[in-house]
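Counting in this note's numbering, the sequence shown runs from 1290 upward without gaps.
Glycine included, C-beta positions come from ideal geometry on N, C-alpha and C.
Only a predicted model underlies this, so the values are computations on that prediction, with no experimental measurement involved.
Input: a single structure, listed below in structure tokens.
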Amino acid sequence: MMVSQLDPGDPIDPHRFPLRDWSIVETRYDDSDLGTSESVFAVGNGYLGMRANPEEGRDAHVHGTFVNGFHETWQIQHAEAAYGFAQTGQTIVNAPDTKLMKLYVDDEPLTLSTADILDYERELDFRAGLLRRKVLWRTPSGKRVEVISTRMVSFTDRHLAVMTMQVTVLDGDAPVVISSQILNRQDGRDEYYVPDDALGAGFDPRKASTFDHRVLIPDPDPFVRPHRMILGYRCANSRMTLAVGADHVMETDNPVEELQDVEPDLGKKIFRVRASAGVPITLTKAVAYHSSRGVPVRELYDRCRRTLDRFREAGIDETHAAQRAWLDAYWERTDVVIEGQPRIQQATRWCLYQLAQAAARADQLGIAAKGVTGSGYEGHAFWDTEVYVIPFLTYTNPTMARNALRYRINLLDAARRRARDLAHRGALFPWRTINGEEASAYYAAGTAQFHINADIAYAFMTYADITGDRELLYRDGADVIVETARMWADLGFWRINSGESFHIHGVTGPDEYTTVVNNNLFTNVMARFNLRSAVDLMREMQREAPERYDQLVARLHLEEGEVTEWEACAEHLHIPYDETFNIHPQDDHFLECEAWDVAATPADKFPLLLHYHPLVIYRYQVLKQADVVLALFLRGEEFTAEDKRANFEYYDPITTGDSTLSAVVQSIIAAEVGYSDLALEYFRLGLLVDLADLHRNTSDGLHIASTGGVWNCLVFGFIGMRQSHGRLRFDPRLPRGWDGLEAPLQIQGRHLRVRVTQDQITVSMLSGEPLEIEIRGTSYTVTESEPVQVALDGQGPRLEWTGTTSGVGEAREDGTLLTAGYPDPDRPWQAGGLEAARKHCAQLEPPAAAGLS
């Protein structure tokens, strides 16, 4: 989906994508960006996802239906293997396609790319939870045919999807055929395998691998009844099983003949209709998907039958009503209102809706980087979930957050095995995985990112503090906290020079352009948090839950000396700091490297990872994404305001933004330190990652962490919320031109609503006990009867930079000149991080870049 030449405040083309409060609408069929639009208009619920391929099947970039966790395994081929390298790859499987409802009128197929389309509209409705499409087609014989379809993946029954197609011949009579299918695209033809031209030329590690073998082995005896067909499969290597079934209901006053043909790889239900002018033909198709790690296919057939039976009893209207009711409750907990910015509001609601589609019914299966919208990144889950998505879920939909955390609990044994593989105690969670085994073949930018342990601990502790759910923490989460702390204590080592200090060597931080380093700042800061959290939790459990504590001690063979050791490690953990530049070096030797001239790098050389050997990139001061700056956000209370500003000003210009995870974090810290206009521009970059396909891989699926980052920007960046041990603090930084920003929050069973305008913040208690909060350093108590209203003396300092990317120019604070340079003439390295982001987008079509300039 391209963004046309627009006013900077209007990121969505109003001609093709008109403004709607609660949906995104496409008013013109365009096959120039099928891959992007298939992802943007996809429907899902966290368990089941369907790309927005047309019902007719053609044309498509990649036909896609994905079931969370359903994957094939394969042997990783290392050119030069070594002990402990990941051995088994995991790739999400493109499941059999039930979206197909091919339409023929007068024996002519409807194919959008070649058809004479008189009118077209496709809408993803965020409140109804439906993908709707309306097409007015003139057939080659001149007859006008109206085709209205809907597609829904249920939030209330995670195994169910429902589709409808209504066909009305408007001019004269005509024979109409609808062929509804279940198609396994691994039926021996090449169409299962994604062609090279669909993926684009050249190497791109972000894309999924293609299989060199037949993955889905069919059950030779499908289940067939007059209105129902169920096909079953087993993965060749992983041995996972899947069943997919379909029910059909035909409603029309026209004469109908029904035929059915079911084979192991293709099931067809064919309706031949003698259509009269103006008499509609309505087909309802309910489908069910059930998967397992190894349950016999025949048992999955039974599960599919139960799912389809329930739908047949409920009917389409009740099913749609249940979907609407679920979303009404979701938006009450989740909707962020942006006053006076309708285009940004629309794009934001699209992001929040995608989070529901990725997480709502993941139900302990994990939340992959692409959700269930595509096969990018092999369908793996990374640290993205814990850092970018679970905080959003914790404050808005805590049940979903709990389920996401249980995914990690269920993988703890595999994490223990992985720690042993790397000669460590405790547990080491895999950098990328589906089933819990490490699947990262490139250890330098994969396994070496030990910080994922601390990221997971951070998510557990934040969830417990904000929800008050100590039961999950005491019963299961404590095992994760203990085992990750054990790993840090074993990984690091003590150095005694001028004093005792604890060091962590040979790791990679979030910035994958600097790998296998000593004392990565982010890793050490987060490891310290992990260790301290383990100490505090053990002592808390001794006091508050002694039975649970005793059980944990017995289960994990925990010794008191370990807790004392963790406390000492945390107290003495080395946190790099450079007194020459008054910043925190990203690692011990980062400042010794030559700085990469980001601003002078040609636009067609981004992202760097696709154009330079890793050894070239590793020699320079250049960042793929926020690293130190992310630590400033996640552990903000451990840095002074001066630290944050100095670090941001140093690292921002050398951050390429090659990762979709970066802009949202840069926005949050830019807002906090006073670069408000820069914060807004970074927010827009994060907001449009997929809607404008800024990284050229939305065709492989959406970037779910980036959509979570949009909420983080709004709440942590512009509302200025922070929390420590469940206590909320607010320091708003509302962008210029925004009339107001309002967000609901849940904390410890309370329901709050926070509204910020240019001159006031209001915190209201919708339900719950009184809560003490802090606004710009002053404590207040908010109750149901007494909201807190505080006048704002401005939105904090507003820093502006005017000049070139060579560091020559001037910085102003609220219009007052601070200094020439950026903002210090003795800091010539400052080159303007936003320029790198703009240059990164400049390689796109001009319309895409224009929407951000």
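Residue i and residue j closer than 8 Å at C-beta
i	j	result
residue 1924	residue 1818	yes
residue 1608	residue 1455	no
residue 1899	residue 1943	no
residue 1536	residue 1517	yes
residue 1949	residue 1895	no
residue 1806	residue 1893	no
residue 1777	residue 1858	yes
residue 2018	residue 2031	no
residue 2080	residue 2028	no
residue 1699	residue 1653	yes
residue 1939	residue 1870	yes
residue 1530	residue 1604	no
residue 1694	residue 1997	no
residue 1993	residue 1678	yes
residue 1659	residue 1975	no
residue 1683	residue 1734	no
residue 1446	residue 1340	no
residue 1390	residue 1574	yes
residue 1834	residue 1763	yes
residue 1401	residue 1336	no
Residue i, buried or exposed, once every other Cβ within 10 Å from all chains shown has been counted against 16
i	result
residue 1785	exposed
residue 1513	exposed
residue 1704	buried
residue 1448	buried
residue 1490	Annotation note: pLDDT 40 at residue 1490 (below 50); position unreliable, no value reported.
residue 1904	exposed
residue 1826	buried
residue 2056	exposed
residue 1550	exposed
residue 1501	exposed
residue 1674	buried
residue 2130	Residue placement at residue 2130 is flagged as unreliable, the pLDDT there being 45, under the threshold of 50; the coordinate-derived value follows with that caveat. Residue 2130 is buried by the Cβ-count criterion.
residue 1308	exposed
residue 1475	buried
residue 1430	exposed
residue 1738	buried
residue 1366	exposed
residue 1420	buried
residue 1749	buried
Nearest to residue i (by Cα), restricted to the options the options
i	options	result
residue 1692	1758, 1719, 1714	1758
residue 1417	1426, 1407, 1442	1442
residue 1921	1537, 2011, 1971, 1902	2011
residue 1627	2004, 1800, 2040, 1749	2004
residue 1724	1978, 1321, 1362	1362
residue 1747	1708, 1820, 1765, 1445	1820
residue 1374	1781, 1983, 1657, 1707	1707
residue 1783	1855, 1902, 1566, 2063	1855
residue 1432	1565, 1885, 1967	1565
residue 1978	1636, 2054, 1729	1636
residue 2162	1387, 1996, 1662, 1814	Outside the shown range of the chain, which is 1290 to 2142, sits residue 2162, and nothing can be said about it.
residue 1755	1599, 1422, 2040	2040
residue 1569	1580, 1437, 1499, 1503	1437
residue 1963	1696, 1306, 1355, 1931	1931
Element boundaries [alpha helix (DSSP H), containing residue i]
i	result
residue 2067	Counting along the chain, residue 2067 falls outside any alpha helix (DSSP H), though it belongs to the beta strand (DSSP E) covering 2067 to 2071.
residue 1623	1586 to 1623
residue 1509	That residue, residue 1509, is in no alpha helix (DSSP H); it is neither H nor E in DSSP.
residue 1550	First-last for residue 1550: 1545 to 1552, but that is the beta strand (DSSP E), not the alpha helix (DSSP H).
residue 1907	1903 to 1907
residue 1409	Residue 1409 -> not in any alpha helix (DSSP H); beta strand (DSSP E) instead, spanning 1405 to 1414.
residue 1679	1679 to 1685
residue 1895	Taken as a continuous stretch (DSSP letters only), residue 1895 belongs to no alpha helix (DSSP H), as it is neither H nor E.
Host beta strand (DSSP E) of residue i (start-end)
i	result
residue 1702	Where residue 1702 is concerned, there is no enclosing beta strand (DSSP E), although the alpha helix (DSSP H) it sits in stretches over 1701 to 1710.
residue 1519	1517 to 1524
residue 1323	Where residue 1323 is concerned, there is no enclosing beta strand (DSSP E), although the alpha helix (DSSP H) it sits in stretches over 1323 to 1329.
residue 2036	2029 to 2036
- Task: Mind listing, in chain order, the continuous beta strand (DSSP E) runs of no fewer than 3 residues lying wholly within the stretch 1714 to 1755?
- Result: List check, beta strand (DSSP E) in window: nothing returned.
- Query: Considering only residues of the stretch 1943 to 1969, which uninterrupted alpha helix (DSSP H) runs meet the minimum length of 4 residues and lie entirely inside it, listed in chain order?
  - Reply: Counting only runs of 4+ residues, the alpha helix (DSSP H) found wholly inside the stretch 1943 to 1969 occupies 1951 to 1962, in chain order.
- Would you list, in sequence order, the uninterrupted beta strand (DSSP E) runs of no fewer than 3 residues that lie entirely inside the stretch 1621 to 1662? Correct list: 1626 to 1628.
- Where are the beta strand (DSSP E) runs, 3 residues long or more, that stay fully inside the stretch 1434 to 1466, in chain order? Taking only runs of at least 3 residues, the beta strand (DSSP E) segments lying wholly in the stretch 1434 to 1466 are 1449 to 1458.
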